[in-house]
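Before any comments, here is the structure.
Residue numbers (my numbering): 1 to 195.
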């Protein structure tokens, strides 16, 4: 692994565990086993390392959402909503970026706070707009009852968010049974009665 990539990987761990303010350039250099001047050869500042990582995290998230949407595109709307839900939780559970994302969102460095919230809102809106299209298609195809798509999306999205925030409760246990139950209840509420 190249030095620049090692710097990013180790910084990701340090920022995730200690936060932006709790991590120093000295510590990053020591963790990698290089001298501080060598670190500055690759990155001008801790700020630049952070920005690079944050951009990487956002890009990874958008890429994963696109891949997930492609994988489910041939399914029925019910299966799409279920497939996206499970696939997104799997990504969120396994991604190396989740701890970093959570730390930076809930405890943002003051100098990046607005930027983080802005970018997070963009990412969230992109995902929500894609999910709303699935719901609208379901309404159009009469698979989902005629209702306000934003209202249905809000229920779906916050159910997903609840599971994301509860993932630590499932360490070593399967989340699938609970997801199945909740998705069944959600579907009972949104399905077209003709189903």
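C-beta atoms are modelled at their ideal positions from N, C-alpha and C, and glycine is treated no differently.
Just so it is clear, the structure is predicted and the values come from calculations on it, not from any experiment.
Inter-residue spacing [alpha-carbon to alpha-carbon] between residue i and residue j
| i | j | result |
| --- | --- | --- |
| residue 192 | residue 180 | 19 angstroms |
| residue 59 | residue 123 | 9 angstroms |
| residue 167 | residue 87 | 14 angstroms |
| residue 200 | residue 177 | Given that the chain is displayed from residue 1 to residue 195, the structure contains no residue 200 and the question cannot be resolved. |
| residue 41 | residue 20 | 20 angstroms |
| residue 69 | residue 105 | 25 angstroms |
| residue 146 | residue 138 | 9 angstroms |
| residue 8 | residue 32 | 10 angstroms |
| residue 6 | residue 142 | 51 angstroms |
| residue 111 | residue 120 | 16 angstroms |
| residue 57 | residue 13 | 13 angstroms |
| residue 162 | residue 36 | 42 angstroms |
| residue 83 | residue 170 | 19 angstroms |
| residue 18 | residue 183 | 36 angstroms |
| residue 165 | residue 114 | 22 angstroms |
| residue 158 | residue 38 | 45 angstroms |
Of the residues the options, the one placed nearest residue i, counting alpha carbons only
| i | options | result |
| --- | --- | --- |
| residue 97 | 54, 89, 147, 117 | 54 |
| residue 187 | 33, 137, 77, 102 | 77 |
| residue 46 | 32, 93, 148, 15 | 15 |
| residue 95 | 117, 147, 62 | 62 |
| residue 2 | 23, 34, 26 | 34 |
| residue 136 | 26, 81, 48 | 81 |
| residue 174 | 26, 107, 93, 52 | 93 |
| residue 108 | 22, 44, 79 | 22 |
| residue 50 | 125, 79, 103 | 103 |
Local conformation of residue i per DSSP, three classes
| i | result |
| --- | --- |
| residue 135 | helix |
| residue 34 | coil |
| residue 191 | strand |
| residue 175 | coil |
Whole-number beta carbon distance between residue j and residue i, since they are thought to touch under 8 angstroms
| i | j | result |
| --- | --- | --- |
| residue 133 | residue 156 | Wrong, their Cβ atoms sit about 13 angstroms apart, outside the cutoff. |
| residue 127 | residue 189 | With 8 angstroms as the limit, residue 127 and residue 189 do not qualify as a contact, their Cβ atoms being about 21 angstroms apart. |
| residue 85 | residue 160 | 6 angstroms |
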